[in-house]
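Residue numbers (my numbering): 1 to 284.
Set out below in structure tokens:
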């Protein structure tokens, strides 16, 4: 599996992650006070679906390609509206078809107000250079060349005191789950009131249960576990699904996920019985 995100932009995992991300940001927008958005593994922000990398895998066709022209029921359509508005706004012209896919930095910037601030962190030299060019004219955005795990602790708490941290590593290293748990615990100790959204791949279900147990052992409260499966989880070498652990989730998020995820599971299913869950890993 090639972990450069250009190969996977717009796939089912992006649809899951970004739809939920936009709903969390929408909750932060309900108050006039500013918030900070920290993206620890930001990528390049905008991806060409016609480029060689995206065409090589074609993953976007079973993700945003299925969703963009779908007709969901009204309750689901309302929850998808902020995300799909961001996807459509990223296209070259209003009447253009789907040719570009916005990553999390692009979507967050599109929703941010003048008083809000974004810190985008990327380690890969070529990617961070691209990211800097893309957001160079926006004074709300700071782009930083740094290891994302270092940034997770270096940039919290923000001066705004309200905000969201998205942790979306490539999972290239075998200890990535343990690293995520340890770094979350340190960041949460510094900023216990922040919202943290931790994305993870689902291959071997036993590995995910060990990760969940490790998170519970930190003693952090208010952790919501959201998961989507598009394959039957019977092959640990394949990306069967993905999940998002949300610490301090908006009070609306669990209910919204219960409406949104069943629809996405059916729409994006690829093999075997699709699945989804929205459970409290650790309540109040």
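Each residue gets a CB set at the ideal place from its N, CA and C atoms; glycine is no exception.
Residue 9 places its beta carbon 8 Å or farther from that of residue 83.
In this structure the region 148-166 does not lie against the region 43-57, because fewer than three pairs of beta carbons, one per stretch, are closer than 8 Å.
The way I'd put it, the region 179-199 does touch the region 233-252; three or more beta-carbon pairs between them come closer than 8 Å. In this structure residue 228 is in contact with residue 265, their Cβ atoms being roughly 6 Å apart against a cut-off of 8 Å.
Here residue 190 is exposed. Its C-beta has fewer than 16 other C-beta atoms within 10 Å.
Between the beta-carbon of residue 252 and that of residue 27 there is about 6 Å, and that keeps the pair under the 8 Å contact cut. When Cβ pairs closer than 8 Å are counted between the two stretches, the region 260-275 is seen not to touch the region 204-213, the count staying below three. For residue 167, the enclosing beta strand (DSSP E) covers residues 163-167. Beta-bridge annotation (DSSP): residue 223 is paired with 247, 282. The DSSP assignment places 36-39, 46-48 as complete runs of the beta strand (DSSP E) inside the region 26-62, in order along the chain (cut-off: 3 residues).
A distance of 8 Å or more separates the beta carbons of residue 184 and residue 119. Separation of residue 107 and residue 176 (C-alpha to C-alpha, rounded to the nearest whole angstrom) is 25 Å. The criterion of a C-beta distance shorter than 8 Å is not satisfied by residue 86 and residue 47. When beta bridges are read from the DSSP output, residue 117 appears opposite 36. Boundaries of the beta strand (DSSP E) harbouring residue 198: 195-202, taken from the DSSP string. DSSP links residue 277 through a beta bridge to 227. Taking the C-beta atoms as reference points, residue 67 is found nearer than 8 Å to residue 267.
Taking 8 Å as the upper bound for CB-CB distance, residue 258 and residue 231 are not in contact here, some 22 Å apart. A direct Cα-to-Cα measurement between residue 238 and residue 5 gives close to 17 Å. For residue 156, there is no enclosing alpha helix (DSSP H), as DSSP marks it with neither H nor E. Residue 65 and residue 128 have their C-alpha atoms some 27 Å from each other. Rounded to the nearest angstrom, the gap between the Cα atoms of residue 180 and residue 14 is 19 Å. The three-state reading of DSSP puts residue 241 in strand, counting E and B together. Residue pairing of residue 142 in beta bridges, as defined by DSSP: 119. Setting aside the 5 residues that flank it on each side, residue 142 is surrounded in the same chain by 117, 118, 119, 120, each with a C-beta closer than 8 Å to its C-beta; the list follows chain order. Secondary structure at residue 262: helix, using DSSP grouped into helix, strand and coil. Listed as beta-bridge partners of residue 73 by DSSP are no residues whatsoever. By the neighbour-count criterion, in which a residue is buried when 16 or more other Cβ atoms sit within 10 angstroms of its Cβ, residue 80 is buried. By the CB criterion at 8 Å, residue 220 and residue 282 fall inside the cutoff.
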